[in-house]
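Novice: First the structure, which I've put down as structure tokens, then a few questions once you've had a look.
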Amino acid sequence: MVVKYQSNGITVLLEPVEGVVSVSVGLWINKGSRDEMPEEYGYAHFVEHMLFKGTKKYSSKDIARMVDRVGGQHNAATNREYTCYYISVVRDYLELSLDILSEMYYNPLFDVEEISKEKNVIIEEIRMYEDTPDEFVHDLFMEKILDGHPLSHPILGTIEGIEKITRESILSFYDAIYGNENLIISIAGSFDVDVAKALIDKYFSVERSPLRRQICEAADNPVKLINNHVEKKLEQVHFCLGLPGFKRADTDRWGLYILSTILGGSMSSRLFQNIREKEGISYSIYSFHSSYVDCGVFGIYCATLPDKFYKTVELIVEECRKLYRDGITDEELADTKTFMKGNLALSLESNEVRMTQLARNEMTYGRYFDYNEIVAIIDSITMDDYMRVCHRIFKDKVFSIVSAGKLKKLKGELPDLSL
18 MVVKYQSNGI TVLLEPVEGV VSVSVGLWIN KGSRDEMPEE YGYAHFVEHM LFKGTKKYSS
78 KDIARMVDRV GGQHNAATNR EYTCYYISVV RDYLELSLDI LSEMYYNPLF DVEEISKEKN
138 VIIEEIRMYE DTPDEFVHDL FMEKILDGHP LSHPILGTIE GIEKITRESI LSFYDAIYGN
198 ENLIISIAGS FDVDVAKALI DKYFSVERSP LRRQICEAAD NPVKLINNHV EKKLEQVHFC
258 LGLPGFKRAD TDRWGLYILS TILGGSMSSR LFQNIREKEG ISYSIYSFHS SYVDCGVFGI
318 YCATLPDKFY KTVELIVEEC RKLYRDGITD EELADTKTFM KGNLALSLES NEVRMTQLAR
378 NEMTYGRYFD YNEIVAIIDS ITMDDYMRVC HRIFKDKVFS IVSAGKLKKL KGELPDLSL
């Protein structure tokens with residue numbers, strides 16, 4: 018059973034889990050890179066790094082040693098719509114986790130020397146992403162297909178922007194975002210609810226309000242129709258095909274999960290079987306759906322040799338046409354539902370996944386969907402539901418495409434990308 022309550026302006030979500038000995042604790046800030054002004058691109062991610070660089074009570078080394086000493090794991094992530102810090106430990110060290118996380122949240126030092134060093138670290142991280150073809154093309158895809166939307170810019174920012182960061186500018190962003198009303202504490206695993214409540218009262222009693230709430234303009238359909246290629250010295254051509262998807266709260270999202278799974282969400286999917294197994298022209302190929310508060314993007318990623326690029330694109334588009342034109346069998350629908358339910362059940366064996374689902378459901382829907390409820394939703398999806406989703410995604414649409422690799426010397430042209 019999930020316990021939800023408010024404490025000092027903070028939303029708290031607690032899920033005790035029987036039969037485990039560990040606990041995962043997460044701090045979730047419902048702000049991410051989309052909440053940055055143009056001059057702040059990369060700031061949400063930079064703040065995430067700086068919170069590990071020392072607090073009033075603990076040095077950076079202290080934080081690492083305290084978690085390592087008890088065999089725990091700690092990390093953080095910056096997304097386009099949220100930022101998360103978490104620690105997973107044996108249940109005896111719940112208090113240690115909350116102590117460390119509260120220090121990081123409320124009392125980071127933002128030391129000038131550490132800021133200078135971290136600027137170099139993040140610049141190297143940006144360069145690493147630019148040298149990682151699949152990461153590069155996904156960032157390029159979002160930048161081009163959502164051009165002008167707050168979701169379009171890279172989470173890491175740019176080298177030029179990171180170089181300009183000062184202590185004052187990064188502190189201003191931190192003060193604007195890191196208030197209690199933007200914070201969710203999510204705990205899942207082996208713990209006593211009353212003990213957890215007492216510890217949250219102890220370590221999160223600081224009164225802290227954000228100085229401002231940044232407003233990001235929403236758009237009903239911001240997805241652009243584009244064809245963009247970056248000539249890059251790579252062995253393969255990496256590319257993404259994209260269409261408008263569904264926003265997070267869209268009730269048809271469950272049907273889209275089924276469509277995406279059948280198309281390219283598993284080793285038995287149509288794209289995997291036909292492009293990789295049958296044709297043998299790609300190692301990595303999959304479909305994906307990125308959903309946000311106000312919009313969504315449905316896409317397909319693939320990497321192939323330059324001389325196979327145009328053929329691969331043509332085969333992928335034809336698979337989508339077949340999916341829309343010919344539909345699926347009752348057996349495919351039933352098998353996909355079973356696959357999704359099995360995947361869900363296996364994922365919930367992890368306290369970290371449970372902790373994550375608690376927070377993300379709260380940020381998106383303001384409530385929690387438990388396993389049985391999700392299973393019931395999946396089971397309720399009919400063939401009519403699936404076909405409605407197919408029509409919404411594919412009918413009268415044309416794929417956008419973003420690619421990176423060596424195509425300049427090749428003769429050929431893109432096939433018809435209409436569906």
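Residue numbers (the numbering used here): 18 to 436. Every residue, glycine too, gets a C-beta built ideally from N, C-alpha and C.
(1) Are I204 and L365 closer than 9 angstroms when you measure CB to CB?
(2) From V419 to E248, what does the alpha carbon distance come to, in whole angstroms?
(3) Name the one or two DSSP bridge partners that W271 has.
(4) Hey, out of F315, A215, E185 and K295, whose CA is closest to V240's CA?
(5) Do you know offhand how far F326's Cα is from S39's?
(6) Per DSSP, what are the beta-bridge partners of T321 in this structure?
(7) Which residue marks the beginning of the alpha helix (DSSP H) containing S397, and which one marks its end?
(8) Please return the same chain residues whose Cβ sits closer than 6 angstroms to the Cβ of G36, not counting the five positions on each side in sequence.
(9) Once the 5 residues before and after G59 are set aside, which same chain residues still bring their CB inside 6 angstroms of it?
(10) Quick check on P167: buried or exposed, where buried means 16 or more other Cβ atoms within 10 Å of its Cβ?
(11) Return helix, strand or coil for H246, following the three-state DSSP convention.
(12) Kindly list the residues whose CB is nearer than 8 angstroms to the CB of I140, restricted to its own chain and excluding five residues on each side of it in sequence; keep chain order.
(13) Which residues mark the beginning and the end of the beta strand (DSSP E) in which I345 is found?
(14) Whose C-beta lies closer than 6 angstroms to the C-beta of R270 among residues of the same chain, with five residues either side of it excluded?
(15) From D347, E369, A94 and F289, pick the residue whose C-alpha is nearest to that of C319; which is it?
(16) Reducing DSSP to helix, strand and coil, say where H62 ends up.
(17) Let me check understanding here. Comparing Cα to Cα, which of K426, C312 and G272 lies closest to R97?
(18) Return yes when at least one heavy atom of the ligand HEM lies under 8 angstroms from the C-beta of G178, else no.
(19) Please classify N199: is it buried, with 16 or more other beta-carbons within 10 angstroms of its beta-carbon, or exposed?
(20) Quick check: what's the CA-CA separation for S367 versus L431?
(21) If I'm right that V210 touches P33 with Cβ under 8 angstroms, what's the distance once you round it to whole angstroms?
(22) Give every residue of the same chain whose Cβ lies closer than 6 angstroms to the Cβ of G206, excluding the five residues on either side of it in the sequence, and list them in chain order.
(23) T373 lies in the beta strand (DSSP E); which residues open and close that run?
(24) Go through its chain and collect everything with a Cβ distance to R384's Cβ below 7 angstroms, but skip five positions before and after it.
(25) Kindly provide the ranges of any alpha helix (DSSP H) runs that are 4 or more residues long and lie completely inside the region 57–114, ordered along the chain.
(26) Would you call the region 386–405 and the region 298–305 touching, i.e. three or more CB-CB distances under 8 angstroms?
(27) With contact counted as at least three CB pairs below 8 angstroms, one residue from each stretch, are the region 119–132 and the region 272–292 in contact?
(28) Could you check how far apart the C-beta atoms of I292 and T329 are, in whole angstroms? I think they sit under 8 angstroms.
(29) Helix, strand or coil for A351? Go by DSSP, reduced to three states.
(30) What are the boundary residues of the alpha helix (DSSP H) that includes G178?
(31) In the structure shown, what three-state DSSP assignment does T278 receive?
(32) Using the rule of at least 16 other Cβ atoms within 10 Å of the residue's Cβ for burial, across every protein chain shown, is S76 buried or exposed?
(33) Name the one or two DSSP bridge partners that T28 has.
(34) Report buried or exposed for T353, applying the criterion of at least 16 other Cβ atoms within 10 angstroms of its Cβ.
(35) Just curious, the alpha helix (DSSP H) that I132 is in, first and last residue?
(36) With C-beta atoms as the reference, is H66 less than 9 angstroms away from S50?
Specialist: From the atom records:
(1) no
(2) 11 angstroms
(3) Paired residues: none, contrary to the question.
(4) F315
(5) 47 angstroms
(6) V254
(7) Counting along the chain, S397 sits inside the alpha helix (DSSP H) bounded by residues Y388 to S397.
(8) Cβ-Cβ distances below 6 angstroms link G36 to nothing in the same chain once the five nearest sequence neighbours on each side are left out.
(9) L173, G174, G178 and I179
(10) buried
(11) strand
(12) I176, I179 and E180
(13) Element bounds for I345: n/a, residue is neither H nor E.
(14) F263
(15) F289
(16) helix
(17) Closest by alpha carbon: C312.
(18) Within the structure as shown, the ligand HEM is missing, as the structure has no ligands at all.
(19) buried
(20) 43 angstroms
(21) Distance from V210 to P33 at the Cβ level is roughly 6 angstroms; contact confirmed, criterion being Cβ atoms closer than 8 angstroms.
(22) V34, V37, S39, V40, S41 and N368
(23) First-last for T373: N368 to Y382, but that is the alpha helix (DSSP H), not the beta strand (DSSP E).
(24) N378
(25) 60–67 and 77–86
(26) no
(27) no
(28) Contact flag correct, Cβ pair sits at about 7 angstroms.
(29) helix
(30) I176 to E180
(31) In this structure, T278 counts as helix in the three-state DSSP scheme.
(32) Counting Cβ neighbours within 10 Å, S76 comes out exposed, since fewer than 16 surround it.
(33) Q23 and I201
(34) buried
(35) V129 to E147
(36) no
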